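Report on the following structure.
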Amino acid sequence: MKDFAGKVAFITGGASGAGFGQAKVFSEAGCKIVIADIRQDHLDEALAYFKDKKAEVHAIKLDITDRKAYAAAADEVEKVFGGPPQLLFNTAGVNTFGPAEASTYEDFDWVMGVCLGGVINGMITFVPRMIKSGRPGHIATTSSMGGFMGGATTAPYSAAKAAVNNLMESYYQALKPYNIGVTCLCPGNIKSNIAEAVYTRPKNLEKTGYNVDEKTINFLRSIHAQGIEPVELAKILKKGIEDEVLYVVPVPNPEEMLRNTLERIVNYASAEGIKRQEEQMRKMFEEMAKRQPQGPGPSMNFEDVGFAQARKDLKWVKQTRMPGAPPPKK
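All residue numbers for the sequence shown refer to our numbering, where the first residue is 33 and numbers rise by one.
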């Protein structure tokens with residue numbers, strides 16, 4: 033798809049972070065925008081921005097894990113704009129960090145419910161409507177580089193994103209006959225509000241095995257503050273949609289990055305390869321540690337902050353250590 037003028041774009045998580053960046057970029061490209069978000073304060077702020085721009089934008093408060101609410105949102109889009117969207121952006125996501133072995137059912141149900149279940153709900157809700165409309169379309173789902181690998185402190189998130197990558201490839205193949213393209217955006221760090229996702233965690237899914245408090249939330253904010261700007265990311269995604277590619281990996285050498293991912297899988301298939309992989313991981317974490325801001329201010333050592341650690345009463349869980357990191361401060 034290369035012509036976006038007049039097309040309706042439905043964006044989950046569209047009132048902040050990556051979704052808001054998409055709303056800005058595709059509004060400027062001529063789209064009529066529907067921003068769906070779970071936070072009313074973010075919706076209000078986004079609407080105020082677009083009002084000043086005199087853009088055609090409609091807002092819907094939506095919990096993407098609520099299938100009845102999703103169907104009602106789809107009906108609302110058709111009522112407002114006369115039909116289903118030609119562009120569907122599955123962008124909303126949440127994350128929380130802690131040792132995989134400390135995870136609770138609720139940790140998995142929350143993260144996978146939003147990051148995978150929310151995407152599934154978007155596809156099941158809108159794909160049949162898009163096909164029946166008979167119009168060309170495109171679906172862009174925000175996944176993550178984390179979907180290409182497991183993570184000792186990101187198990188629910190990494191599992192959800194791996195499934196999303198696979199799911200989007202399935203739809204990429206399935207929707208070609210209907211002239212509906214599919215793109216899977218796999219960024220790393222984004223300048224977003226995902227650190228605050230815990231504030232929208234449902235009461236019935238509050239039980240966690242992870243240490244989560246204001247210190248860890250602020251630590252995560254400091255990490256995301258260094259991420260790619262949402263508008264820049266959305267422009268990269270737009271180019272990917274125009275080129276009709278499946279995977280958009282916003283790094284200088286995406287092919288090299290994906291080859292390294294495949295090499296990691298090969299390494300895990302032999303004892304010699306595992307040794308190579310462990311050494312590569314050690315060097316990677318050392319480089320990451322060097323790039324962290326130094327000097328006065330809040331600690332950037334995740335162990336000192338308690339970030340990605342188990343809940344304090346779970347004494348049987350070993351403290352998470354970054355390979356090559358110095359011992360935690362006493």
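Note that CB positions come from ideal geometry on N, CA and C, so glycine has one too.
Note that the structure is predicted; figures quoted are calculated from it, not measured.
Residue from the options whose Cα sits closest to the Cα of residue i
| i | options | result |
| --- | --- | --- |
| Glu77 | Gly46, Ser59, Tyr204 | Gly46 |
| Lys85 | Ile222, Lys56, Glu138 | Lys56 |
| Gly169 | Gly178, Val159, Met177, Ser176 | Val159 |
| Ala101 | Gly150, Thr248, Val89 | Gly150 |
| Phe52 | Gly213, Thr240, Lys267, Gly182 | Lys267 |
| Ala50 | Leu294, Met181, Glu60, Val263 | Val263 |
| Lys93 | Asn197, His256, Phe42, Val126 | Phe42 |
| Asn197 | Gln72, Ser175, Gly220, Leu207 | Ser175 |
| Val337 | Gln351, Lys235, Ala124 | Gln351 |
| Ile222 | Glu60, Gly125, Leu346, Ala61 | Gly125 |
| Glu60 | Ala184, Ala87, Gln258, His256 | Ala87 |
| Lys344 | Ser165, Ile273, Gly130 | Gly130 |
| Phe113 | Ile273, Cys147, Ser165 | Ser165 |
| Thr4 | Gly62, Phe180, Met155 | Here the chain has residues from 33 to 362 only, and residue 4 is not among them. |
| Phe180 | Leu290, Val349, Phe339 | Leu290 |
| Thr173 | Ala184, Val277, Val230 | Val277 |
| Val143 | Leu237, Glu261, Glu304, Asp275 | Leu237 |
Whole-angstrom distance between residue j and residue i, CA atom to CA atom
| i | j | result |
| --- | --- | --- |
| Tyr203 | Leu120 | 13 Å |
| Leu269 | Val40 | 17 Å |
| Met33 | Leu265 | 18 Å |
| Ala104 | Ala37 | 26 Å |
| Tyr279 | Gln54 | 17 Å |
| Arg233 | Asp141 | 11 Å |
| Gly145 | Thr97 | 6 Å |
| Glu242 | Gly182 | A quick correction: the sequence has Tyr, not Glu, at residue 242. Roughly 18 Å separates the two Cα atoms. |
| Lys315 | Glu295 | 16 Å |
| Thr128 | Val109 | 31 Å |
| Thr157 | Thr215 | 18 Å |
| Glu287 | Asp35 | 27 Å |
| Ala206 | Val244 | 40 Å |
| Lys347 | Thr248 | 19 Å |
| Ile70 | Ile297 | 37 Å |
| Gly272 | Glu311 | 34 Å |
| Val152 | Val281 | The identity of residue 152 in the sequence shown is Ile, whereas the question assumes Val. Near 21 Å, if we compare the C-alpha coordinates of Val281 and Ile152. |
| Glu319 | Val89 | 43 Å |
| Ala195 | Leu148 | 7 Å |
| Pro284 | Thr293 | 15 Å |
| Gly62 | Ser48 | 20 Å |
| Val349 | Met313 | 22 Å |
| Tyr184 | Phe339 | Here residue 184 is Ala; the residue named in the question, Tyr, does not match the sequence. Straight-line Cα distance between these residues: approximately 13 Å. |
| Phe58 | Lys111 | 21 Å |
| Phe317 | Glu246 | 25 Å |
Residues of its chain near residue i, where Cβ-Cβ distance is below 7 Å and the 5 sequence neighbours each way are ignored
| i | result |
| --- | --- |
| Gly178 | Thr186, Tyr189, Ser190, Lys193 |
| Lys239 | Thr136, Glu138 |
| Ala257 | Lys223 |
| Val230 | Thr128, Val244, Ile249 |
| Arg99 | Asn153 |
| Glu201 | Leu278 |
Assigned exposure category for residue i - 16 Cβ within 10 Å defines buried
| i | result |
| --- | --- |
| Asp139 | buried |
| Leu29 | Here the chain has residues from 33 to 362 only, and residue 29 is not among them. |
| Gly327 | Below a pLDDT of 50, predicted positions are generally treated as unreliable, and Gly327, at 42, falls in that range; no measurement from the model is reported. |
| Leu199 | buried |
| Pro209 | exposed |
| Asn122 | buried |
| Gln341 | buried |
| Gly220 | exposed |
| Ser302 | exposed |
| Ile306 | exposed |
| Asp95 | buried |
| Pro358 | Annotation note: pLDDT 47 at Pro358 (below 50); position unreliable, no value reported. |
| Ala106 | buried |
6 Å Cβ shell around residue i - same chain, five flanking residues per side excluded
| i | result |
| --- | --- |
| Ala91 | Ile67, Leu75, Leu79 |
| Gly259 | Asn221, Ile222, Lys223 |
| Glu365 | In the structure as shown, the chain starts at 33 and stops at 362, and residue 365 therefore has no counterpart that could be examined. |
Contact set for residue i: own chain, Cβ-Cβ below 8 Å, skip 5 residues either direction
| i | result |
| --- | --- |
| Arg308 | Asn299 |
| Ile212 | Val159, Met162, Ile163, Pro168, Gly169, His170, Ile171 |
| Gln72 | Lys93 |
| Glu274 | Met33, Lys34 |
So, does the region 251 to 258 touch the region 220 to 237, judging by three or more C-beta pairs under 8 Å?
yes
If contact is defined by three or more beta carbon pairs under 8 Å, each pair taking one atom from either stretch, is the region 128 to 135 in contact with the region 70 to 88?
The region 70 to 88, when compared against the region 128 to 135, does not touch it at the 8 Å Cβ threshold.
Hey, is the region 55 to 73 in contact with the region 105 to 119, meaning 3+ C-beta pairs nearer than 8 Å?
They touch, by the three-pair rule.
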